[in-house]
Each structure stands twice: as structure tokens, then as C-alpha cells.
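S.K.: Below: one structure in C-alpha cells.
2 protein chains.
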Amino acid sequence: MAKMGRPRTFDRQKAVVQAMYIFWEHGYETTSLSQLKANIGGGISTPSFYAAFGSKEKLFNEAVQCYLETYACVTDALWDDEISPRDAVELTLRRSTKMQCESGHPKGCMVSLGTMSAPSPEFTHVAEPLAASRSRTLQGFVRCVERAITMGELSKKTNARSMGIAFNSFLLGVSILARDGVDASDLNDSITELMKLWDIELCQSK
Amino acid sequence: MAKMGRPRTFDRQKAVVQAMYIFWEHGYETTSLSQLKANIGGGISTPSFYAAFGSKEKLFNEAVQCYLETYACVTDALWDDEISPRDAVELTLRRSTKMQCESGHPKGCMVSLGTMSAPSPEFTHVAEPLAASRSRTLQGFVRCVERAITMGELSKKTNARSMGIAFNSFLLGVSILARDGVDASDLNDSITELMKLWDIELCQSK
DNA sequence: ATAGTTATATATCGATCGATACAAATGTAT
DNA sequence: ATACATTTGTATCGATCGATATATAACTAT
């Protein structure tokens, strides 16, 4: 049974993806409704927008969910226990960096850059899912280090939180460097450098 | 000889500092004129604002200059040849992190977070001085590594750009972590971790 | 005292912000 | 054919955006 009523003239899901790109590029507050409307299905009217998405804020929420379910999956390895902790960390760094630098969408990570997406006090709640994702990713890095310690791969003296923060902070910075136009190959070389941090802490007794 | 004409009812320099804090917190585009006016000298009128600063953009430029001449100086060690390269890098990381986490002003670094200060194409030129400062800081880190190689402190095999990017990317990430409320002590511990990167590359022949 | 200079206060500019009212258009269900 | 559901187009809402015109107030220079 098909839907009742007059059919939509644009693809709603494609519209969410398009909105995601715009919010990713400019952030929540700086993106205007006219901007969104103009880039959905070759341009839609105000009532069509509100009928389909409810409000700018609700569309942003959908766009964030869309990002988390697609592009943000580059960090999934952090919670995959079938991958060694070291590989999980390196894979995450390389996958995320590659994604952040590839063409076809805005540079950098929407979650990281989302720190400044809704800076006004009245809108901080809007970017809350992004903050939650950042917190989760940090925990993911710490988790990997803890797993390595438990597995006896890293020394018991290793400070898991410190190492987790170090890897996470580097990756957050990649978003800014990608926006500034630093090459993916240069960033990859610096990942190789950064991973030496892991190898120092390798358990000698192995 | 004192100035002619009716005297100003507010301190212009204090106003620039106050504006700097607001732009630092919210970015250029998201900061409104009313917000600036309300926070200058207990509130000023629109004509007073324009008479004193010319425009929102010009005030932003002054605010950025003010930041670069004060808070941004935490990275000055990178160009100080009287400090050993390693100390220069560590000092910069610790000073900047301390500054970014201290109270009395917005968390994070105005230069780093300025990546999303003016995301609209029509305003990108406004945040250009911030981008230039980020580029300069990156070069400062690279410079320190190069200096260490020249001095024979680091191995000649060291990839200066990769290491520079690694330290710089970490520091850029600190801005986001500081905004997210991560403790300064935790960040400091991760700096201790990060500096091990340097010690791995130490020249063995010394 | 008078002229010249600068900042002030009041009022308002056109443009854009996010969001709605209303009625015509277009589909399905019976 | 009719009723119902949903989207569309046109017009517009009050609020705020950054910025300005005009006239008055407060100071210095002569």
C-alpha cells in the first residue's frame, strides 16, 4: 500500500544527506534555512521544508544520525575485539584521516568540528549528540589501551587514559589540519610517527 | 594635549578585550552585534559601536590581533633558539594546554577553534589571520624538529614534517578536549606520553 | 563667546532570520 | 464520484541581522 496524499517532489533521504553535507561544512547555527532549502531537490519551498522535517533543529538531528551511521563508522574498530588493540587504534587513525581528506564531501570530521557547530548557550543542546560521540570515541581509544594491558600486550605501568587522550587529541586535530588543506599523505606519515608511542609501551616480557 | 570632542564613555581597549572573549567563545559569524554592544562598557549604542570600531569585521580583526599578542604567545618558545628544541616543544605544549584550560576566559584556543569561526564562503577572508597563525605554529613545530636534527640531537633519519604535524595535531585537538571539559592534569599526563615520541628519535651516537 | 570636533541618543533602514496561514493541487481509499 | 490525506505555491509573520541618518550633547581650540 502506497502512501496517501500528494507525493513529495524530492527524495527525503537524499535531502537529509545533502543537509548533512551543509551542516558538516558550516555548522548548525551558521547554516541558514534558505541555504538548506536551495540545496534540497533543486530547491524547495518553506512549507515543504517544514512539512518534511519539522524544523531546522530536527533536520540537524537527522543529519547527525546519518553521519554517525555512515562516515563516523571509521572509528568502529575501536570496539572490535577481533582486532588487536594496536591494529584497532592504527586502523581508526588511518581510516578516519583518509575519510576526512577524501573528496566528495567537506574536509574534516563533522563530530570533531561540531564543537563549534552551535556555540550559543541557547543551542548547545542541539550539538549534544556530537559531544556524546566525541566522548564515546575518547573512551574507545582508552578502551583499546586497557585491553592491550589486560592482554599483556602493553606494560601494566601504562597510563591508559593518558595514551587514549594522546591518540584522540591527535585525531581531533586532524580535522583542523584537513580543513587547512594538509595532505592526507603527510597526515599518514605522522600517524606512523604517532604509533611509535604504542611500541614504546610494549611489554618487554613478551 | 588631550583629545578634542566629546569623550568616550567606555574604555576602547577594554572593549576590544571583551570582544575578543566573545569572539573566542562563539566565533565570528555566530557573534551578533547586539551581543557585542551589550558587553562593552555596560552596554553601548549602535552609533557608538560604529564610531569606535567601524564594523563588526574590523573589531574582529582587532580582537584577533589582541589575542595573537597576548594569549597566543604561549607558543613563542618554538622560535626561541636559546631554548633546546625538545624543551621548546614541551614548553609550548604545556603552556598552551595550561592557558586553554585556565579559568577567566573561554576554554580552548581562539586560533584553533577559529577554523569554524567564519565558515561561510563570504566570510572566510575574515578568519584568514587565524589560518595564517595556525600555519605559522605548524611551521614552528617543524622548525624545532629540524633544529634538533641540525644540532645532532635527533637522528638524521627523523621526518621533521611528520613529527611536527604530530605535535601540532595533538595541540589542535587539545582545544576541542578543553571545550569538552577534559581536565588540565589529564592533558598534561598525555603530553608526558606524547613527548616520548621525541625521545625515541634521540640520536644514539650522543 | 564662538567655532570646530567627537561621541552620544533616538529612530530607522533594507535584508534576512526561522517559522506559519491559507488555499489550491495531487495523490489514495471507499 | 466522493471523502480523506498530504504536499505544494503564494504570501507573510514578528524578530533579528548589520548598518546608517539625523540631531543633540560634551569636550577643546581660538
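So the protein lines, in turn, are chains A and B. Using my numbering, read the first sequence as starting at 1 and increasing by one per residue. Using my numbering, read the second sequence as starting at 1001 and increasing by one per residue. All C-beta atoms, glycine included, are put in the ideal place defined by N, C-alpha and C. The structure displayed is predicted, hence computed values, not measured ones.
Considering A/Y28, what are the terminal residues of the alpha helix (DSSP H) in which it resides?
M.R.: Unbroken run through A/Y28: none, as it is neither H nor E.
S.K.: Can you grab the Cα-Cα spacing for the pair B/L1197 / A/L113, in whole Å?
M.R.: 26 angstroms
S.K.: Give a yes or no on contact between the region 1096–1104 of chain B and the region 1180–1191 of chain B, applying the rule of three or more CB pairs nearer than 8 angstroms.
M.R.: yes
S.K.: Please name the residue or residues paired with B/L1194 in a DSSP beta bridge.
M.R.: Bridge partners of B/L1194: none, in fact.
S.K.: Could you tell me how far apart the beta carbons of A/D244 and B/R1134 are, in whole angstroms, since I believe they sit closer than 8 angstroms?
M.R.: Outside the modelled stretch of chain A, which goes from 1 to 206, sits residue 244 of chain A, for which no answer is possible.
S.K.: Less than 9 angstroms separating the beta-carbons of B/M1116 and B/A1063?
M.R.: no
S.K.: I want to check one thing, is the minimum distance from the CB of A/V182 to the heavy atoms of the ligand NAD below 8 angstroms?
M.R.: Only the bare structure without any ligand can be found here, which leaves the ligand NAD out of the picture.
S.K.: Within 9 angstroms (strictly less), CB to CB, does B/L1197 reach chain A?
M.R.: yes
S.K.: In terms of DSSP beta bridges, what is A/L154 paired with?
M.R.: A/L202
S.K.: Using C-beta distances below 6 angstroms, list every residue in its chain close to A/F170, excluding the 5 sequence neighbours before and after it, in chain order.
M.R.: L194.
S.K.: Using the Cα positions of A/S32 and A/A118, report the straight-line distance between them to the nearest angstrom.
M.R.: 13 angstroms
S.K.: Please list, in chain order, the residues of the region 11–31 of chain A that have any C-beta partner in chain B closer than 9 angstroms.
M.R.: If the cut-off is 9 angstroms between Cβ atoms, the region 11–31 of chain A has E25, H26, G27, E29, T30, T31 near chain B.
S.K.: Strictly below 7 angstroms CB to CB, what residues from chain A border B/P1119?
M.R.: E25, H26, G27, T30
S.K.: In three-state terms, what does DSSP make of B/A1051?
M.R.: helix
S.K.: Using Cβ-Cβ distances below 9 angstroms, what residues of the region 1124–1149 of chain B are close to chain A?
M.R.: A1131, R1134, S1135, L1138
S.K.: Hey, could you find the ends of the alpha helix (DSSP H) B/I1165 is sitting in?
M.R.: 1160–1179
S.K.: What is the rounded straight-line gap between the Cα of B/E1057 and the Cα of A/R143?
M.R.: 45 angstroms
S.K.: By Cβ distance below 6 angstroms, which residues in the same chain neighbour A/E201 in space, the five residues on each side in sequence not counted?
M.R.: L154, S155, T158
S.K.: Helix, strand or coil: which one does DSSP assign to B/F1281?
M.R.: Here chain B has residues from 1001 to 1206 only, and residue 1281 of chain B is not among them.
S.K.: I'd like to know if the region 1027–1044 of chain B and the region 1120–1129 of chain B are in contact, where contact means that at least 3 CB-CB pairs between them fall below 8 angstroms.
M.R.: Contact holds: three or more Cβ-Cβ distances are below 8 angstroms.
S.K.: Is there a C-beta anywhere in chain B that falls below 9 angstroms from the one on A/S96?
M.R.: no
S.K.: Candidates B/C1066, B/Y1050, B/F1010, B/L1068: which alpha carbon is nearest B/G1043's?
M.R.: B/F1010
S.K.: Under 9 angstroms between the Cβ atoms of A/F53 and A/T92?
M.R.: At the C-beta level, A/F53 and A/T92 stay beyond 9 angstroms of one another.
S.K.: Hey, is A/S155's beta-carbon within less than 9 angstroms of any beta-carbon in chain B?
M.R.: no
S.K.: With distances taken between CB atoms, is the gap from B/R1086 to B/A1002 smaller than 9 angstroms?
M.R.: no
S.K.: Can you confirm whether B/I1165, when its beta carbon is compared against all beta carbons of chain A, has any partner nearer than 9 angstroms?
M.R.: yes
S.K.: Would a check of beta-carbon distances place B/R1179 closer than 9 angstroms to chain A?
M.R.: yes
S.K.: Do you know offhand how far A/G5's Cα is from A/L130's?
M.R.: 36 angstroms
S.K.: Which of the three DSSP states, helix, strand or coil, is assigned to A/M4?
M.R.: Correct three-state label for A/M4: coil.
S.K.: Between A/L214 and A/T137, is the Cβ-Cβ spacing less than 9 angstroms?
M.R.: Within the shown structure, residues of chain A are numbered from 1 to 206, placing residue 214 of chain A beyond reach of any answer.
S.K.: Can you name, in chain order, every residue of its own chain whose Cβ lies under 6 angstroms from the Cβ of B/S1205, other than the five neighbours on each side?
M.R.: With a pLDDT of only 49 at B/S1205, under the threshold of 50, the placement of this residue in the model should not be trusted; the figure read from the coordinates follows. Same-chain partners within the cutoff: there are none.
S.K.: Just verifying my parser: in three-state terms, what is the DSSP assignment at A/I149?
M.R.: helix
S.K.: Can you find a C-beta in chain A that's less than 9 angstroms from the C-beta of B/S1162?
M.R.: yes
S.K.: So with CB distances below 8 angstroms, who are the chain B contacts of A/F170?
M.R.: A1166, S1169, F1170, G1173
S.K.: B/G1164 to A/G41, Cα distance in whole Å?
M.R.: Taking the straight line joining both Cα atoms gives about 44 angstroms.
S.K.: Kindly provide the ranges of any alpha helix (DSSP H) runs that are 4 or more residues long and lie completely inside the region 54–115 of chain A, ordered along the chain.
M.R.: 56–69, 85–101, 110–113
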